[in-house]
Structures are given as structure tokens and as C-alpha cells.
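Engineer: Position one of the sequence shown corresponds to residue 16 (the working numbering), numbered consecutively onward.
Glycine is no exception: its CB is placed at the ideal position from the N, C-alpha and C atoms.
Note that the structure is a prediction, hence the values are computed from the model and not measured.
Questions regarding the structure given below will be posed in turn.
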Amino acid sequence: DSIYQPAEDSYLLDKVLKKEIPKLLKDNPNLGFLEIGAGSGILLETAKELGIKPKNIFATDINQTAVKHCQDQGFNCILSDLFEEVEGQYNIIIFNPPYLPEDSQGLEPEESQLATTGGALGSELINKFLEQAKEYLEEGEDNGRIFILTSSLTKGIDWKNYKKKLIGKENLFMEDLFVWELSL
Numbered sequence: 016d017s018i019y020q021p022a023e024d025s026y027l028l029d030k031v032l033k034k035e036i037p038k039l040l041k042d043n044p045n046l047g048f049l050e051i052g053a054g055s056g057i058l059l060e061t062a063k064e065l066g067i068k069p070k071n072i073f074a075t076d077i078n079q080t081a082v083k084h085c086q087d088q089g090f091n092c093i094l095s096d097l098f099e100e101v102e103g104q105y106n107i108i109i110f111n112p113p114y115l116p117e118d119s120q121g122l123e124p125e126e127s128q129l130a131t132t133g134g135a136l137g138s139e140l141i142n143k144f145l146e147q148a149k150e151y152l153e154e155g156e157d158n159g160r161i162f163i164l165t166s167s168l169t170k171g172i173d174w175k176n177y178k179k180k181l182i183g184k185e186n187l188f189m190e191d192l193f194v195w196e197l198s199l
């Protein structure tokens, strides 16, 4: 299995984290950081560089190769489908989900579809994530933040009762990418 390599979506999330994490660290030097679907580990590296303690950085991926790659970089990463194997609560949860609708398939080689296709509308995995994430988010106004990336191609996102704020945007040739900050 190949690992999802950083692309425009990863770099947009990276840019947003570099802006947001220092503010959050000021209020809480012991931030717990969880990335669902860590892939190459680029955002884990960013979290560490920004000063989140390595012992507080956790990650999952559904791809065993990606898990091993992140572990080899020294990160605590486990094989998990979304939150299945996750325990505890976190101040920051990051998700760069597969968000393309299945009908955009001609664009992607087959091995990368797991990393890019989010179901018929592109939102099925995102909706499952949003349903489950509440349980793993630190509670309280200033505690838990989700940073999630979506695309203008993604249809049918059910944002539940999250408060949502657009904090990053990038226009690409075929789509617009958005980074949302969600809180309870």
C-alpha cells in the first residue's frame, strides 16, 4: 500500500495549524493532539515543531504502511478506522479526510482512492467522523477544537451541532478547499 503524499490539501491544513496552534498552546501548554488519517505524518511534524509535546501527539491511519511510517518517525500512531481504537480526549483533532465523490474517480489511480474518495457524495466518511468526534473532544468553550478540510466538490455534509468557523481557503483549478474550525 502506498501512503497518501502531501498535496495542496495537506499544505493548506499545515498553514492553518501554524497560525492556530501557537494561540491554543498559550492557553494550554499541555495540548493533546490527535490526527485521524495521518498519512505521511506531515501534520504530526508540524505539531511537534510548533511545540506540542511529543508524548501528547497521537495519530491513526487505516493504512498499515502509513502507521509504520509515522511510528518510524517517532510518533504514537495506531492502525484504526477513524476512532475505533482511540482512547481519551483531545484538545485538537485534525482530519484531512477522503472527500472526493465517487463519480470523480477517473481522476485518481486506484491505490489512492482509499485516501481520496469519501463515498458517493464525498461526505460519508466526514459525517461518520463528525458523529464520533464529539466523544473524543475535550469539553468546554476553549478546550476542544476540530480542524477539518473539505472541498467544494463534497456534497451532503451533516455538521451536527458543531459551531463552525471558516479559517482557511484555497482556490484550485477544479475545486475550492476549505479548512473549518469546529467546536462543541
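(1) Output the distance between the C-alpha atoms of L46 and L39, rounded to the nearest integer angstrom.
(2) If we define contact as Cβ-Cβ less than 8 Å, is G183 a contact residue for chain D?
(3) Can you grab the Cα-Cα spacing for the pair L32 / E139, in whole Å?
(4) Return the Cβ separation of I15 and F110 in integer angstroms, given the expectation that the two are a contact with Cβ distance under 8 Å.
(5) Relative to the alpha-carbon of E23, which residue among L97, F188, G159, L199 has its alpha-carbon at the smallest distance?
(6) Excluding the 5 residues preceding and the 5 following L97 in the sequence, name in chain order all residues of the same chain whose CB lies nearer than 7 Å to its CB.
(7) Determine the burial state of D17: buried for a count of at least 16 other Cβ atoms within 10 Å of its Cβ, exposed for fewer.
(8) Please confirm whether T75 and I93 have their CB atoms less than 8 Å apart.
(9) How about L192 and K184: are their beta carbons less than 8 Å apart?
(10) Per DSSP, what kind of secondary structure is S198 in: helix, strand or coil?
(11) To the nearest whole angstrom, what separates the beta carbons of I182 and Y151, a pair I think is in contact under 8 Å?
(12) Over what stretch of residues does the beta strand (DSSP E) that includes F162 continue unbroken?
(13) Which residues mark the beginning and the end of the alpha helix (DSSP H) in which F144 is found?
(14) Per the DSSP calculation, G183 is bridged to which residue(s)?
(15) Please report the residue range of the beta strand (DSSP E) in which T169 lies.
(16) On the CB-based measure, 16 or more other CB atoms within 10 Å of its CB, does N176 come out buried or exposed?
(17) In the region 32 to 69, which residue ranges form an unbroken alpha helix (DSSP H) of at least 4 residues, counting only runs that do not cross its ends?
(18) Would you mind stating whether L164 and L28 have Cβ atoms separated by less than 8 Å?
Structural biologist: Working from what's here:
(1) Numbered from its first residue, the sequence shown carries residue 46 at position 31. Numbered from its first residue, the sequence shown carries residue 39 at position 24. Spanning the two alpha carbons is a distance of roughly 8 Å.
(2) You won't find chain D in this structure, because it holds only one protein chain.
(3) Indexing the sequence shown from 1 puts residue 32 at position 17. Indexing the sequence shown from 1 puts residue 139 at position 124. Rounded to the nearest angstrom, the two C-alpha atoms are 25 Å apart.
(4) Here the chain covers residues 16 to 199 and nothing more, so residue 15 does not appear.
(5) One-based indexing of the sequence shown puts residue 23 at position 8. E23 has its Cα closest to that of F188, out of L97, F188, G159, L199.
(6) Within the sequence shown, numbered from 1, the residue matching residue 97 stands at position 82. The residues are I51, K143, F144, Q147.
(7) Within the sequence shown, the letter at position 2 stands for residue 17. Correcting the residue type first, residue 17 is Ser in the shown sequence and not Asp. Classification for S17: exposed.
(8) Against the sequence shown, residue 75 aligns to sequence position 60. Against the sequence shown, residue 93 aligns to sequence position 78. For T75 and I93, yes; Cβs fall inside 8 Å.
(9) What you label residue 192 is simply residue 177 of the sequence shown in a count that begins at 1. What you label residue 184 is simply residue 169 of the sequence shown in a count that begins at 1. A contact, by the Cβ cut-off of 8 Å.
(10) Taking the sequence shown and counting its residues from 1, one reaches residue 198 at position 183. Reduced to three states, the DSSP call for S198 is strand.
(11) Position 167 of the sequence shown, counting from 1, holds the residue named residue 182. Position 136 of the sequence shown, counting from 1, holds the residue named residue 151. No, I182 and Y151 are not in contact; Cβ-Cβ is about 20 Å, not under 8 Å.
(12) For the purposes of this step, residue 162 is identified with residue 147 of the sequence shown, where counting begins at 1. Unbroken beta strand (DSSP E) run through F162: 160 to 166.
(13) Stepping through the sequence shown from its first residue, residue 144 is reached at position 129. Here the alpha helix (DSSP H) through F144 covers 139 to 148.
(14) In the sequence shown, counting from the first residue as 1, residue 183 sits at position 168. BP columns for G183 point to V194.
(15) Within the sequence shown, numbered from 1, the residue matching residue 169 stands at position 154. Where T169 is concerned, there is no enclosing beta strand (DSSP E), given that its DSSP letter is neither H nor E.
(16) As a working mapping, residue 176 is identified with position 161 in the sequence shown. The residue is exposed, with fewer than 16 neighbouring Cβ atoms inside 10 Å.
(17) 57 to 64
(18) Here residue 164 refers to the residue found at position 149 when the sequence shown is read from its first residue. Here residue 28 refers to the residue found at position 13 when the sequence shown is read from its first residue. Yes, Cβ-Cβ distance for L164 and L28 is below 8 Å.
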